[in-house]
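Quick note: the sequence shown, position 241, residue 486 per our numbering, numbers continuous.
Built from N, CA and C at the ideal position, the CB exists for glycine as well.
Here's the structure, in structure tokens; my notes come after.
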Amino acid sequence: MTDIATLSAQVSGASALVTPFGAHLLSWRPTCHPDVLWLSSHAVLDGTRAIRGGIPLCLPWFGSPTDSPARPGEGASTHGFARTTPWTLLSSTQPADDAPASFSFELHHTGETSALYPHSFCARLDIAVGAELNMSLTLTNEDDHPFAIEAALHTYLRVGDVKDVTIEGLDGARYYDKVRERYAIQSGDVTFIGPTDRVYTSTHQVQVVDPKLGRRIIVDKNGSGSTIVWNPGSQGAATMSDVGEGEWQDFVCVETAAVRERALTLWPGHPHIMTQTLAVETLD
Numbered sequence: 246m247t248d249i250a251t252l253s254a255q256v257s258g259a260s261a262l263v264t265p266f267g268a269h270l271l272s273w274r275p276t277c278h279p280d281v282l283w284l285s286s287h288a289v290l291d292g293t294r295a296i297r298g299g300i301p302l303c304l305p306w307f308g309s310p311t312d313s314p315a316r317p318g319e320g321a322s323t324h325g326f327a328r329t330t331p332w333t334l335l336s337s338t339q340p341a342d343d344a345p346a347s348f349s350f351e352l353h354h355t356g357e358t359s360a361l362y363p364h365s366f367c368a369r370l371d372i373a374v375g376a377e378l379n380m381s382l383t384l385t386n387e388d389d390h391p392f393a394i395e396a397a398l399h400t401y402l403r404v405g406d407v408k409d410v411t412i413e414g415l416d417g418a419r420y421y422d423k424v425r426e427r428y429a430i431q432s433g434d435v436t437f438i439g440p441t442d443r444v445y446t447s448t449h450q451v452q453v454v455d456p457k458l459g460r461r462i463i464v465d466k467n468g469s470g471s472t473i474v475w476n477p478g479s480q481g482a483a484t485m486s487d488v489g490e491g492e493w494q495d496f497v498c499v500e501t502a503a504v505r506e507r508a509l510t511l512w513p514g515h516p517h518i519m520t521q522t523l524a525v526e527t528l529d
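Take a look at the structure:
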């Protein structure tokens, strides 16, 4: 049973499903394509924990609290609190013509009352749903001092079989390999043999080539210096209660992010905007 509220959009170019819980996009399906986003069959949708799949928002830190330059306080959980917090719906539009549908959400955090993250900020997420999916995350410092903040659009992309997928656009990029705990330089396209968890230093567009589904997913971005590529592999997925049997093969995460060395310093009066655009092409 789904207990969280959901909002749907249906326009000429696509359909989508989003929830105010975490301002979380659950589905985006362009016309004539399978859903571009993967959602686990075991995803918990009652508001008691983070949702596995879709596009979670990792904010104001990413990954383990002990590794984050945002320095969250004692008791902090992985990936920040934004993805498990209800956001305020500011507006939604369902146009009758060919224009995209849109959703806007906002989250205010008051640092004075939080031991986890003692800084005040506002996060706004704007989503435009059409033949392309456009997302814009605006972070505003509402405090009287600068502070470090991390953010990631933790995008789960549906694929036919991750073992057949290649990712173009990261050749020559430096990355931190969290599986092997070392830095390396990408040589050629990214392929998947075993668990993969890499934080690339990159501002470039990437393309996910999926021969089994016969499509290319284009991930373009602006305002972020990190691109994260992740798949847990069979052993990692076996430890996750919210990933179904064998489902690790059905997705790859390609995340628009500002983390680790590319974390943001947010200054009062200077909002920062991160954008991500997804598009799909049929392979020849």
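Proximity to Ile473 across Glu395, Asn467 and Arg443 peaks at Arg443, based on C-alpha coordinates.
DSSP, read as helix, strand or coil, puts Trp332 in coil. By the 16-neighbour rule on beta-carbons within 10 angstroms, Arg274 is buried. A check of alpha carbon separations from Thr411 across Glu395, Ile463, Ala295 and Thr323 identifies Ile463 as the nearest. Taking 8 angstroms as the upper bound for CB-CB distance, Thr522 and Glu377 are in contact here, some 6 angstroms apart.
Per DSSP, the unbroken alpha helix (DSSP H) holding Ala483 starts and ends at Gly478 to Ala483. Three or more beta-carbon pairs drawn from the region 343–355 and the region 365–384 are found closer than 8 angstroms, and the two stretches are therefore classed as touching. Glu395 is positioned such that its CB atom lies closer than 8 angstroms to that of Val504. The Cβ atoms of Asp409 and Pro456 sit closer than 8 angstroms to each other. A direct Cα-Cα distance of roughly 30 angstroms separates Met380 from Gly320.
Contact between Leu282 and Gly299 holds: their C-beta atoms lie close to 5 angstroms from each other, under 8 angstroms.
Ser285 and Asp487 have their C-alpha atoms roughly 7 angstroms apart. Segment contact: the region 397–408 against the region 428–435, fewer than three CB-CB distances shorter than 8 angstroms; contact not assigned. With contacts defined as CB atoms closer than 8 angstroms, Cys303 and His399 qualify as a contacting pair.
Contact annotation: Gly292 and Phe266 have beta-carbon atoms nearer than 8 angstroms. In this structure, the beta-carbon distance from His515 to Leu509 does not fall below 8 angstroms. Here the alpha carbon of Thr441 sits roughly 5 angstroms from the alpha carbon of Asn476. Here the alpha carbon of Ala268 sits roughly 14 angstroms from the alpha carbon of Pro305. For the region 326–398, the continuous beta strand (DSSP E) assignments of 3+ residues that do not extend past its boundaries occur at 333–338, 346–354, 366–374, 378–386, 392–394 and 396–398, in sequence order. Ranked by how close their Cα comes to the Cα of Gly308, the residues Asp389, Arg294 and Lys423 have Lys423 in first place. With respect to the C-alpha of Val454, the residue from Val435, Tyr445 and Asn467 having the closest C-alpha is Val435.
With respect to the C-alpha of Ser260, the residue from Tyr420, Thr333 and Val374 having the closest C-alpha is Val374. The beta-carbon separation of Asp388 and Pro513, rounded to 7 angstroms, stays under the 8 angstroms limit for a contact. Judged by DSSP secondary structure, Lys457 falls outside any beta strand (DSSP E); it is assigned neither H nor E. Within its own chain, the residues whose Cβ lies closer than 7 angstroms to the Cβ of Gly433, once the five positions on either side in sequence are excluded, are Asp416, listed in chain order. Remark: C-beta atoms of Ala393 and Pro314 approach each other more closely than 8 angstroms.
A direct Cα-Cα distance of roughly 38 angstroms separates Leu511 from Glu492. Excluding its 5 nearest sequence neighbours in each direction, Val256 has C-beta neighbours in its own chain below 8 angstroms: Gln339, Pro340, Asp343, Ala344, Pro345, Ala346, Val374 and Gly375, listed in chain order. Nearest in C-alpha terms to Gln494, of all of Ile438, Ala502, Arg460 and Val525, is Ile438. The three-state secondary structure of Asp487, taken from DSSP, is coil.
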